[in-house]
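Visitor: What follows is a single structure, and I will ask about it in a moment.
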Ligand code: CMC
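Residue numbers (my numbering): 13 to 446.
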């Protein structure tokens with residue numbers, strides 16, 4: 013990656029008897045940053061920012077978010093335009109290469125991904141080592157981590173060709189692994205990928221076909237699946253992406269880095285939120301119980317939160333949630349599930365939360381997970397699979413960010429510091445004296 017930040021001024025910092033002029037840098041859009049790299053060398057002090065609310069960890073040219081105005085751009089293109097007009101594989105190409113592909117480039121890329129979807133036969137047998145009741149995210153972390161044991165020839169991070177092959181393998185094989193994680197959990201035979209189907213059609217077929225009968229992919233549902241993948245493809249320096257970058261900063265191979273990203277995504281504050289949102293809707297159960305749950309969410313002494321509401325960055329409507337809401341309705345109409353009690357609860361909860369002073373004041377809008385949980389439920393996925401689908405889609409973002417980091421000349425191993433408040437130095441006491 014060619015670094016493009018521009019100096020645009022300086023910030024004066026007074027520390028004790030020292031005055032420091034720290035460079036201010038500008039990107040192409042978004043807040044400027046104060047470059048504090050030299051702070052420790054000049055003052056012997058660190059900055060403290062747990063949760064990184066004021067810290068930019070890297071320069072990036074992939075995804076831009078304006079949380080206050082509800083904007084999300086992949087390589088400059090608004091998310092709603094991509095969701096309406098693009099396909100997931102075209103979006104993958106865009107995220108990885110920086111530009112939309114020509115027709116020939118897209119055909120070539122689609123052919124490459126389509127022809128790398130099969131798994132090594134030994135990897136298929138690997139699944140049998142998991143307990144049948146394992147959470148599919150546990151299966152994903154383990155199996156994706158194991159890819160480096162099966163594809164040794166694409167783990168040299170200093171070889172651009174090997175990096176590209178690893179990227180193709182990850183994007184192509186992730187649906188096959190995810191579908192196998194699902195099939196294994198329900199005790200059905202694995203369904204092989206088919207090269208005549210699109211990425212999303214193939215994935216739905218691998219999940220829901222059984223050898224005993226033909227499976228015809230519903231185009232409305234395949235389109236919805238593709239949109240869900242586009243909406244989740246990248247999201248700037250979120251927790252799992254930062255995990256991938258941090259793991260990669262030590263020189264770890266891409267399969268290991270993506271496994272680290274999957275592990276991070278699993279948590280309920282991040283990718284696990286769509287699962288948590290649907291479980292919450294089920295727990296609420298009926299519209300008349302909503303006020304009780306809204307009351308609990310507002311109670312400072314109750315740890316309960318309305319899952320699927322609020323976002324660290326979007327303090328306005330999540331632009332992905334808008335697209336997802338529309339897709340959700342399309343799927344429910346297609347499947348004639350509009351009157352489902354779960355959806356009634358969701359729609360009423362959305363209405364109440366959007367009008368309630370607590371949520372309005374704190375800018376807690378429904379996020380993408382609120383609607384994706386309902387949509388995935390209608391598509392037939394069990395809740396345990398929701399985060400798996402998020403991981404499948406986010407793989408392209410993780411790998412694009414990893415590639416960008418690997419080729420960034422300013423990249424160094426990530427090594428945050430701390431403010432230490434533990435015991436000061438003391439002498440060891442033998443156990444008989446304690
Ligand atoms: N329900 C009730 N209150 C909430 C909620 C919620 N969902 N989210 C935030 N708050 C309150 C919180 O209690 C705090 O109140 P106060 O200022 O009185 O202490 C205030 O709003 C700010 O919350 P915060 O935790 O400081 O905000 P954050 O930016 O650290 O957290 C969040 C963001 C997404 C973790 C949080 O909103 C949350 O836990 N939401 C529910 C889980 C969820 O839906 N996560 C999916 C995020 S989108 C997927 C992704 O991009 O990964």
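All C-beta atoms, glycine included, are put in the ideal place defined by N, C-alpha and C.
Starting from residue 26, follow its DSSP beta bridges and name the residues at the other end.
Guide: Note: residue 26 sits in a beta bridge opposite 31.
Visitor: Once you ignore the five residues that flank residue 190 on each side, which residues in its own chain have a CB closer than 6 Å to its CB?
Guide: So the list reads 400, 404, once near-sequence residues are dropped.
Visitor: Give the DSSP-derived three-state secondary structure of residue 85 in the structure shown.
Guide: Three-state result, residue 85: strand.
Visitor: Expressed to the nearest angstrom, what Euclidean distance is found between the alpha-carbon atoms of residue 433 and residue 425?
Guide: Spanning the two alpha carbons is a distance of roughly 25 Å.
Visitor: Does DSSP classify residue 416 as helix, strand or coil?
Guide: The answer is helix: DSSP assigns residue 416 an H, G or I state.
Visitor: Within a Cβ cutoff of 6 Å, which residues of the same chain sit near residue 13, ignoring the five residues on either side of it in sequence?
Guide: 416, 419, 420, listed in sequence order.
Visitor: How would you call residue 270, buried or exposed, if buried means at least 16 neighbouring beta carbons within 10 angstroms?
Guide: Buried: at least 16 other Cβ atoms inside 10 Å.
Visitor: Got a sec: does the ligand CMC put a non-hydrogen atom nearer than 7 Å to the Cβ of residue 158?
Guide: No.
Visitor: Enumerated in chain order, which unbroken segments of the alpha helix (DSSP H) with a length of 4 residues or greater are wholly contained in the region 297-356?
Guide: List check, alpha helix (DSSP H) in window: 302-310, 331-346.
Visitor: Compare the beta carbon distance of residue 389 and residue 330 with 8 Å and say whether it is the shorter of the two.
Guide: No. Outside cutoff.
Visitor: Residue 220 and residue 392 look like a contact to me (Cβ under 8 Å); what is the Cβ gap, rounded to whole Å?
Guide: The Cβ separation is near 6 Å, so the contact holds.
Visitor: Report yes if the C-beta of residue 309 is less than 7 Å from at least one heavy atom of the ligand CMC; otherwise report no.
Guide: Indeed, a heavy atom of the ligand CMC lies less than 7 Å from the Cβ.
Visitor: So for residue 94, helix, strand or coil by DSSP?
Guide: In the structure shown, residue 94 sits in a helix (DSSP, three-state: H, G or I).
Visitor: I'd like to know whether the C-beta atoms of residue 162 and residue 132 end up nearer to each other than 8 Å.
Guide: The answer is yes: Cβ separation under 8 Å.
Visitor: Taking Cβ to Cβ, would you say residue 342 is nearer than 8 Å to residue 256?
Guide: Taking 8 Å as the Cβ cut-off, residue 342 and residue 256 do not qualify as a contacting pair.
Visitor: Does any heavy atom of the ligand CMC sit closer than 7 Å to the C-beta of residue 164?
Guide: No; taking the cut-off as 7 Å, the Cβ of residue 164 has no heavy atom of the ligand CMC nearer than that.
Visitor: Under three-state DSSP, which class holds residue 196?
Guide: Helix at residue 196.
Visitor: So residue 355 and residue 347 are in contact, right, with Cβ under 8 Å, and what is the actual spacing, rounded?
Guide: That belief does not hold up - the Cβ atoms of residue 355 and residue 347 are roughly 11 Å apart, past 8 Å.
Visitor: Measuring alpha carbon to alpha carbon, tell me which of 260, 186, 349, 371 ends up nearest residue 307.
Guide: Per the Cα distances, 371.
Visitor: Measuring only the C-alpha atoms, how far is residue 339 from residue 273?
Guide: In a straight line, the C-alpha of residue 339 is about 27 Å away from that of residue 273.
Visitor: Determine whether the beta carbon atoms of residue 243 and residue 336 lie at a separation below 8 Å.
Guide: In this structure, residue 336 lies closer than 8 Å to residue 243 by Cβ.
Visitor: If you draw a straight line from the alpha carbon of residue 87 to that of residue 224, how long is it in whole angstroms?
Guide: Residue 87 and residue 224: Cα-Cα distance of roughly 44 Å.
Visitor: State the DSSP-derived secondary structure class of residue 66, mapped to helix, strand or coil.
Guide: Looking at residue 66 - three-state DSSP - the assignment turns out to be coil, as it is neither helix nor strand.
Visitor: Is residue 291 near the ligand CMC, with its Cβ less than 7 Å from a heavy atom?
Guide: No - the ligand CMC has no heavy atom lying nearer than 7 Å to the Cβ of residue 291.
Visitor: Kindly provide the ranges of any alpha helix (DSSP H) runs that are 4 or more residues long and lie completely inside the region 97-174, ordered along the chain.
Guide: Listed in chain order, the complete alpha helix (DSSP H) runs (minimum 4 residues) inside the region 97-174 are 100-109, 115-126, 133-138, 148-162.
Visitor: Measuring from the CB of residue 379, is there a heavy atom of the ligand CMC at a distance below 7 Å?
Guide: Answer for residue 379: yes, Cβ within range of the ligand CMC.
Visitor: For residue 304, count neighbouring Cβ atoms within 10 angstroms of its own Cβ and tell me buried if that reaches 16, exposed if not.
Guide: Exposed.
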